[in-house]
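The sequence shown begins at 1 in full-length UniProt numbering and counts up one residue at a time.
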Amino acid sequence: MAHYRSVGNVPPKRHTQHRTPEGGLYYEELMGEEGFFSDSSLLYHRGLPSALSDARPWTPPGGPVRANLPLLPRHLRPHELFGADDWRETDAVTGRRVLLANADVRICYVVAGSPSPLFRDAVGDECVYIESGAGTLETVFGALPFRQGDYVLIPRGTAHRWVPGGGQPVRAYCVEASSHITPVRRYLSKYGQFLEHAPYCERDLHGPSEPLLADSSGEVELLVKHRGPEGVDGTSYLLPHHPFDVVGWDGCLYPYTFNVADFEPITGRIHQPPPVHQVFEGSGFVICNFVPRKVDYHPLSIPVPYYHSNVDSDEVMFYCGGDYAARKGSGIAQGSISLHPGGHTHGPQPGAYERSIGAESFDELAVMVDTFRPLDLGEAAFSCQDPAYPWTWSRPPA
1 MAHYRSVGNV PPKRHTQHRT PEGGLYYEEL MGEEGFFSDS SLLYHRGLPS
51 ALSDARPWTP PGGPVRANLP LLPRHLRPHE LFGADDWRET DAVTGRRVLL
101 ANADVRICYV VAGSPSPLFR DAVGDECVYI ESGAGTLETV FGALPFRQGD
151 YVLIPRGTAH RWVPGGGQPV RAYCVEASSH ITPVRRYLSK YGQFLEHAPY
201 CERDLHGPSE PLLADSSGEV ELLVKHRGPE GVDGTSYLLP HHPFDVVGWD
251 GCLYPYTFNV ADFEPITGRI HQPPPVHQVF EGSGFVICNF VPRKVDYHPL
301 SIPVPYYHSN VDSDEVMFYC GGDYAARKGS GIAQGSISLH PGGHTHGPQP
351 GAYERSIGAE SFDELAVMVD TFRPLDLGEA AFSCQDPAYP WTWSRPPA
């Protein structure tokens with residue numbers, strides 16, 4: 001995202017001496033994408049950002065995945081993955097349960113109440129949707145408060161820690177990419193400014209406002225998820241000082257939040273296709289959201305979606321608020337996740353097509369991920385799936 005910001009204490013010219021009050025030097029770190037040819041930021045550290053005391057293997061959460069065979073639509077109930085009090089001892093990094101995955105993206109769910117370890121995702125960016133709860137994402141760029149309805153965007157390589165607040169669990173839907181996650185290209189000018197037709201703009205994006213300087217004395221552990229010979233791997237680093245030692249930074253690369261309530265829906269006389277609901281994109285997938293909105297106003301319109309085949313993609317819908325009119329009778333409820341794979345025709349449940357005629361608005365909230373390669377099922381998917389769902393468009397098999 002090419003939205004320049006400057007936070008804290010930075011020198012007037014880049015790559016020049018930046019001295020401490022005592023006369024020593026701060027250490028400049030360039031954090032950039034695509035080999036110096038895309039967005040970047042310059043961070044100024046009190047200590048050496050590359051210093052290590054020890055390193056050992058670490059296994060990130062996940063486990064094996066299996067193909068969606070036989071090819072079926074799936075209904076997952078991720079709220080069932082965590083017991084009533086499990087969240088008190090669960091954190092938002094190591095407690096994640098992998099539901100769906102392919103080479104481009106992993107989709108996880110977690111209910112967390114404990115602060116997480118320091119963590120860095122070196123595989124790709126993360127987009128975490130906060131279903132409920134609030135807290136603070138502490139990062140090398142500064143502190144970032146989050147609340148219900150926020151998308152939290154964390155660039156690849158950002159050291160951070162999740163700290164739930166208010167004594168309540170944080171329910172989080174985690175999209176872990178193998179690439180960068182950005183605003184939609186068609187919403188941006190060639191220089192990166194949001195255009196007039198975009199459903200949100202720079203004013204809706206909130207980044208850290210001041211440095212977060214932690215106590216730099218003593219060693220700390222940093223967990224790193226990175227690529228390995230069989231996909232995702234991990235390393236635990238022991239650092240001689242805390243990575244949150246940045247006195248200032250500037251640039252166009254940093255974590256930020258965007259609240260779904262600030263997305264302005266695009267509507268029309270007849271039913272609009274899913275791309276009008278798009279909010280972010282990554283390599284091999286897109287993220288859309290369906291928000292409360294007025295619906296189609298042609299006198300003969302049918303407001304619910306037409307039946308459609310995902311010829312090129314698997315569609316994952318997370319139902320996180322309101323009343324999803326097209327799915328009545330399917331078992332889908334708030335907190336449900338549906339997977340409609342490429343090769344399967346899907347759409348409204350029986351009766352929803354007819355019932356929607358004359359509707360003027362929908363009160364629904366959902367986050368959709370469309371992937372362009374098939375998704376495999378994680379262990380967590382088999383632990384919370386509804387076996388009756390594939391047959392809800394017709395009578396159950398004998």
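Glycine included, each C-beta is placed from N, C-alpha and C at the ideal position.
Counting along the chain, residue 40 sits inside the beta strand (DSSP E) bounded by residues 40 to 45. If you ignore the 5 residues before and after residue 43, its C-beta comes within less than 7 angstroms of the C-beta of 29, 31, 140, 246 and 249, all in its own chain and listed in chain order. Straight-line spacing of the CA atoms in residue 56 and residue 182 works out to 32 angstroms. Listed in chain order, the non-local C-beta contacts of residue 330 below 6 angstroms within the same chain comprise 349 and 392, local neighbours out to five positions each way being set aside.
The stretch 298 to 314 and the stretch 348 to 363 touch, with three or more beta-carbon pairs separated by less than 8 angstroms. If the five residues before and after residue 8 are omitted, its C-beta is found closer than 6 angstroms to the C-beta atoms of 211, 247 and 248, all from its own chain and listed in chain order. In this structure, 59 is the residue among 59, 49, 36 and 13 with its C-alpha nearest to the C-alpha of residue 231.
The bridge partners DSSP lists for residue 287 are 280 and 369. Residue 171: member of the beta strand (DSSP E) spanning 170 to 177, first to last residue. Residue environment for residue 17: exposed (fewer than 16 other C-beta atoms within 10 angstroms of its C-beta).
Only residues of its own chain outside the window of five on either side were considered, and among them 117, 118, 236, 237, 238 and 239 have a CB closer than 8 angstroms to the CB of residue 221, listed in chain order. Only buried fits residue 356, as 16 or more other CB atoms lie within 10 angstroms of its CB. Taking a cut-off of 8 angstroms on C-beta distances, the stretch 59 to 68 touches the stretch 91 to 102, as three or more cross pairs fall below it. For residue 177, the CB contacts under 6 angstroms within the same chain, skipping 5 residues up- and downstream, are 105, 124, 125 and 282 in chain order. Between residue 199 and residue 266, the C-beta spacing is below 8 angstroms. Every alpha helix (DSSP H) of 4 residues or more that sits fully in the stretch 274 to 361 is shown, in chain order, as 352 to 355.
Here residue 385 is not near residue 180, since their CB atoms are 8 angstroms or more apart. Rounded to whole angstroms, the gap between the alpha carbons of residue 165 and residue 88 is 12 angstroms. For residue 82, no alpha helix (DSSP H) encloses it, and the DSSP letter there is neither H nor E. In terms of Cα proximity to residue 388, the closest of 343, 338 and 358 is 338.
For residue 209, no alpha helix (DSSP H) encloses it, and the DSSP letter there is neither H nor E. For the 8 angstroms CB-CB criterion, residue 341 and residue 69 do not form a contact. A distance below 8 angstroms separates the beta carbons of residue 163 and residue 135.
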